[in-house]
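Undergrad:
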Amino acid sequence: MDIRPVPFDHPDAVKLNDEVQAEYHVRYGDGGDATPLAPADFRPPNGLFLIAYDEDGTPVASGGWRRQDKNDQGNEDGDAELKRMYVIPSMRGRGLARRILAALEEDARAAGRVRMVLETGDKQPEAIALYTSSGYEPCAKFGYYREYESSKCFAKRLR
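Residue numbers for the sequence shown follow the UniProt record's numbering, beginning at 1 and rising by one.
Okay, structure coming up:
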């Protein structure tokens, strides 16, 4: 597997983002994640977006982090927010999400971030299992969906 950084507006990133949005819509019936995101959010040193490619060069998994500091949506200084973690259905169960997560944590730590945070939903039990088995613990809600009952927020210290 070849994991490499790409801009968030790269065609492969757009393709995988469209796929994860469609999956969110199936699970939640709301059209997908409405959290505002911009390509600049994932531009180093303030973030990073990664795609895993298979041996044929097909994009099969993605994930990114973006810098967050204390704001009115519940973030704290030093946060790195995990976004758009996704593995195509045919490649699930092979450890790709865990590899991308570890690479994102390492990059955020190197960029001086002190805590990785994420928001997921109660209809994504496999995501919750990945994060809790990777050392993430429930935290105070933050972000766009912080007032939704189905929203679940997690954090992990990076330092």
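Each residue gets a CB set at the ideal place from its N, CA and C atoms; glycine is no exception.
Give the straight-line distance between the Cα atoms of V114 and R67, rounded to the nearest whole angstrom.
TA: In a straight line, the C-alpha of V114 is about 11 Å away from that of R67.
Undergrad: Within 10 angstroms of its Cβ, does E105 collect 16 or more other Cβ (buried), or is it exposed?
TA: Buried, by the Cβ-count rule.
Undergrad: Cα-Cα, which of L158, L130 and F154 is closest to D107?
TA: Cα-wise, what sits closest to D107 is L158.
Undergrad: Taking V20 as the reference, which of P45, A155 and P89 has the closest Cα?
TA: When only C-alpha atoms are compared, the closest one is P89.
Undergrad: Just curious, the beta strand (DSSP E) that K83 is in, first and last residue?
TA: Note, K83: beta strand (DSSP E), D79 to V87.
Undergrad: Would A52 and M1 be called neighbours here (beta carbons separated by less than 7 Å)?
TA: Yes, these two residues count as a Cβ contact at 7 Å.
Undergrad: Comparing C-alpha positions only, which one of V26, F42, L118 and P44 sits nearest to S134?
TA: The option with the nearest alpha carbon to S134 is L118.
Undergrad: Can you give the beta carbon distance from T35 to G143, rounded, assuming they're within the 8 Å contact cut?
TA: Rounded, the Cβ-Cβ distance is 7 Å, consistent with contact.
Undergrad: I need the boundaries of the beta strand (DSSP E) containing Y53, first residue and last residue.
TA: G47 to Y53 is the span of the beta strand (DSSP E), which, as asked, contains Y53.
Undergrad: Could you name the residues of the same chain whose beta carbon sits closer than 7 Å to that of D122, not counting the 5 residues immediately before and after it, in chain order?
TA: Excluding residues within five positions, the ones whose Cβ falls inside 7 Å are S150 and K152.
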